[in-house]
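These notes are about the structure you will find just below.
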Amino acid sequence: MDYCNMAKEIPASPIRDMMVRAAAMEDVISFTVGEPDFTPTESIIEAAKTALDHRDIRYAPGAGLTELREVYAQYLSEQVGISYEAENVVVTAGGMSSLFLSLLCTVNPGDEVLMSAPYFTNYSQMVRMCYGVPVPIEVYEEDEFILTPEAVKKAITPRTKVLMLNSPCNPTGGVISMDSLKEIAKIAVEYDLFVLSDEVYRHILFDGEKYASIVMQPGMRERTLIIDSCSKTFAMTGFRIGFGAGPKEWISLMTKLTEGVYSSAPTVGQRAAIEAYKSGLPYCVEMVKQYEKRRNYLYERLNQMKGISCIKPKGAFYIFVNISGTGLDAVEFSNRLLDEAHVAVVPGGNFGSKGGDRYVRMVYATSMENIKEGCDRMEKFCSSL
Ligand SMILES: Cc1ncc(COP(=O)(O)O)c(C=O)c1O
Numbered sequence: 188m189d190y191c192n193m194a195k196e197i198p199a200s201p202i203r204d205m206m207v208r209a210a211a212m213e214d215v216i217s218f219t220v221g222e223p224d225f226t227p228t229e230s231i232i233e234a235a236k237t238a239l240d241h242r243d244i245r246y247a248p249g250a251g252l253t254e255l256r257e258v259y260a261q262y263l264s265e266q267v268g269i270s271y272e273a274e275n276v277v278v279t280a281g282g283m284s285s286l287f288l289s290l291l292c293t294v295n296p297g298d299e300v301l302m303s304a305p306y307f308t309n310y311s312q313m314v315r316m317c318y319g320v321p322v323p324i325e326v327y328e329e330d331e332f333i334l335t336p337e338a339v340k341k342a343i344t345p346r347t348k349v350l351m352l353n354s355p356c357n358p359t360g361g362v363i364s365m366d367s368l369k370e371i372a373k374i375a376v377e378y379d380l381f382v383l384s385d386e387v388y389r390h391i392l393f394d395g396e397k398y399a400s401i402v403m404q405p406g407m408r409e410r411t412l413i414i415d416s417c418s419k420t421f422a423m424t425g426f427r428i429g430f431g432a433g434p435k436e437w438i439s440l441m442t443k444l445t446e447g448v449y450s451s452a453p454t455v456g457q458r459a460a461i462e463a464y465k466s467g468l469p470y471c472v473e474m475v476k477q478y479e480k481r482r483n484y485l486y487e488r489l490n491q492m493k494g495i496s497c498i499k500p501k502g503a504f505y506i507f508v509n510i511s512g513t514g515l516d517a518v519e520f521s522n523r524l525l526d527e528a529h530v531a532v533v534p535g536g537n538f539g540s541k542g543g544d545r546y547v548r549m550v551y552a553t554s555m556e557n558i559k560e561g562c563d564r565m566e567k568f569c570s571s572l
């Protein structure tokens with residue numbers, strides 16, 4: 188008996204490793220987990236309770252509850268200014284399943300999938316699970332970690348099939364401007380690429396930055412799948428509700444595959460999600476105000492530390508911190524910071540970029556109190572080096 192090479196060879200998530208190490212220690216300030224520290228609104232919780240009271244606990248249809256698909260289609264239409272119908276939407280078990288199913292529907296073995304690097308680690312893992320080839324496109328701090336149209340074009344080969352975009356980005360907080368999206372869209376049309384636009388952080392934008400999606404560009408609607416989720420927008424990570432929104436054929440293929448993967452997204456979570464899109468968006472605005480305050484504080488403090496610098500992220504709740512001035516590489520820096528100062532961060536090399544060893548990723552989806560204490564400890568640690 189021998190388990191398959193793909194499953195054996197794919198590396199486990201390095202972020203979880205760091206979380207586990209941190210959890211085993213006492214008095215650790217953790218900047219590792221990309222999960223809101225807020226709780227969903229009472230009305231969202233009530234909607235879940237009502238679903239349970241009504242014993243609304245059976246399988247949902249593979250594509251999701253019709254009411255949720257309709258509510259989401261209307262919300263998305265307003266967001267992007269293009270009309271989406273329920274048939275353009277599949278409800279998935281978190282954004283993660285939406286990413287995976289959409290790749291399963293587009294990638295043949297050996298097909299290449301472009302992604303800017305550093306990237307969300309699961310991207311390369313999922314592409315490999317589809318027997319595709321992840322193709323990282325290096326992005327640089329000088330360019331605010333943003334994918335340039337020139338770099339996309341350069342990375343294209345006859346095997347290129349899909350382009351993955353993630354704006355605002357995990358792990359850098361980078362936001363792609365509409366001007367760049369416009370140029371990238373032209374390339375996608377020219378080379379007939381599928382585009383996955385991962386927009387799970389779409390509402391977490393700072394400094395008045397406006398939401399922009401590649402789907403708004405000409406020729407993109409028919410080749411773009413928007414990946415979305417209730418996880419970050421409404422702090423509903425454990426409800427496991429995500430969405431794929433795009434061309435009907437793509438959606439019906441994803442729905443077909445859903446059956447053999449998880450049947451349907453959780454019914455109680457879907458009831459809660461309906462309420463979230465009806466009443467939860469103002470709360471999201473409040474959360475974003477808090478994230479922005481934390482980002483400002485963290486950015487100021489980090490740039491005052493010896494050997495540390497960072498650019499100001501425009502979205503999401505991540506900051507990619509340049510630690511090269513400390514003389515340590517990211518792994519040594521992170522290990523020593525955890526052991527000596529009890530502060531957990533993730534080494535940047537884990538996000539698939541060549542230059543990642545000079546960076547660590549920090550998440551500020553944690554209280555201001557934790558951020559202050561974490562900064563005090565980190566500052567002391569850096570001064571001691
Ligand atoms: C870039 C990105 N996409 C998708 C997801 C998926 O989140 P979920 O499955 O909780 O919706 C995450 C979660 O951290 C993420 O960072």
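Numbering (my numbering), first residue to last: 188 to 572. No residue lacks a Cβ here, since even glycine has one placed at the ideal position from N, Cα and C.
Next item on the list: Find the nearest neighbour of ILE413 within the set LEU525, TYR262, MET492, THR226, judged by alpha-carbon distance.
Entry: Here residue 413 is taken as the residue at index 226 of the sequence shown, counted from 1. When only C-alpha atoms are compared, the closest one is TYR262.
Next item on the list: Report yes if the C-beta of MET283 is less than 7 Å from at least one heavy atom of ligand 1; otherwise report no.
Entry: As a first step, residue 283 is located in the sequence shown; it is residue number 96 there, counting from the start. For ligand 1, at least one heavy atom lies less than 7 Å from the Cβ of MET283.
Checklist line | Span of the alpha helix (DSSP H) around ILE413 | finding: For the purposes of this step, residue 413 is taken as the residue at position 226 of the sequence shown. Where ILE413 is concerned, there is no enclosing alpha helix (DSSP H), although the beta strand (DSSP E) it sits in stretches over 411–416.
Next item on the list: Measure the beta-carbon distance from ILE461 to VAL258 and round it to whole angstroms, keeping in mind my assumption that it falls under 8 Å.
Entry: Within the sequence shown, numbered from 1, the residue matching residue 461 stands at position 274. Within the sequence shown, numbered from 1, the residue matching residue 258 stands at position 71. Contact holds; Cβ gap of about 5 Å.
Next item on the list: Note down, one range per segment and in chain order, each alpha helix (DSSP H) of at least 4 residues found wholly within the region 379–453.
Entry: 417–420, 435–448
Checklist line | Buried or exposed (CB count within 10 angstroms, at least 16 for buried), PRO345 | finding: By 1-based counting over the sequence shown, the position of residue 345 is 158. Per the 10 Å Cβ criterion, exposed.
Next item on the list: Report the residue ranges of all beta strand (DSSP E) runs contained in full by the region 247–294; include only those spanning at least 3 residues, in chain order.
Entry: 276–279
Margin query: Does ALA375 come out as helix, strand or coil in the three-state DSSP assignment?
Written below: Locating residue 375 in the sequence shown gives position 188, where the first residue counts as 1. Helix.
Margin query: Tell me the residue span of the beta strand (DSSP E) that contains VAL322.
Written below: Here residue 322 corresponds to residue number 135 of the sequence shown, with the count starting at 1. Judged by DSSP secondary structure, VAL322 falls within the beta strand (DSSP E) whose first and last residues are 320–325.
Check: In three-state terms, what does DSSP make of ILE216?
Finding: The count along the sequence shown starts at 1 and reaches residue 216 at position 29. In the three-state reduction of the DSSP assignment, ILE216 falls in the strand class, which pools E and B.
Next item on the list: Tell me whether the beta-carbon of VAL220 lies closer than 8 Å to the beta-carbon of VAL550.
Entry: The sequence position of residue 220 within the sequence shown is 33, counting from 1. The sequence position of residue 550 within the sequence shown is 363, counting from 1. Yes, the Cβ-Cβ distance between VAL220 and VAL550 is below 8 Å.
Notebook entry, point to check: Cα-Cα, which of THR445, THR308, ILE216, VAL339 is closest to ALA280?
Noted result: By one-based count along the sequence shown, residue 280 stands at place 93. ALA280 has its Cα closest to that of THR445, out of THR445, THR308, ILE216, VAL339.
Next item on the list: Output yes or no for whether 8 Å exceeds the beta carbon distance between ARG228 and GLY429.
Entry: As a first step, residue 228 must be located in the sequence shown, where it is residue number 41. As a first step, residue 429 must be located in the sequence shown, where it is residue number 242. In the sequence as displayed, the identity of residue 228 is Thr instead of Arg. For THR228 and GLY429, no; Cβs fall outside 8 Å.
Item checked: Same chain, Cβ closer than 8 Å to SER573, five either side skipped, listed in chain order -> The structure shown has nothing for residue 573, since the chain only spans 188 to 572.
Check: So GLU299 is in the beta strand (DSSP E); what residue range does that whole segment cover?
Finding: Residue mapping note: residue 299 aligns to position 112 of the sequence shown, counting from 1. From DSSP, the beta strand (DSSP E) with GLU299 extends over 299–304.
Checklist line | Nearest residue (CA-CA) to GLY319, options GLU254, ALA342, ASN295, SER303 | finding: Stepping through the sequence shown from its first residue, residue 319 is reached at position 132. Selected option, being the one with the closest Cα: ASN295.
Item checked: Unbroken beta strand (DSSP E) run spanning ILE506, endpoints -> Position 319 of the sequence shown holds residue 506. Note, ILE506: beta strand (DSSP E), 505–509.
Item checked: Where the alpha helix (DSSP H) containing ASN357 begins and where it ends -> Position 170 of the sequence shown, counting from 1, holds the residue named residue 357. Here ASN357 belongs to no alpha helix (DSSP H), and DSSP marks it neither H nor E.
Note to self: Could you check whether PRO223 and ALA422 sit closer than 8 Å to each other, using their CB atoms as the reference points?
What the structure shows: Your numbering for residue 422 matches position 235 in the sequence shown. Your numbering for residue 223 matches position 36 in the sequence shown. Yes.
Next item on the list: Using the Cα positions of MET302 and ILE324, report the straight-line distance between them to the nearest angstrom.
Entry: On the sequence shown, position 115 is the one that residue 302 refers to. On the sequence shown, position 137 is the one that residue 324 refers to. Whole-angstrom Cα-Cα distance: 6 Å.
Item checked: Three-state secondary structure assigned by DSSP to GLY561 -> In the sequence shown, residue 561 corresponds to position 374, counting from 1. The answer is helix: DSSP assigns GLY561 an H, G or I state.
Notebook entry, point to check: Just to confirm, does GLY502 get its C-beta within under 7 Å of one of the non-hydrogen atoms of ligand 1?
Noted result: Your numbering for residue 502 matches position 315 in the sequence shown. For ligand 1, not one heavy atom lies less than 7 Å from the Cβ of GLY502.
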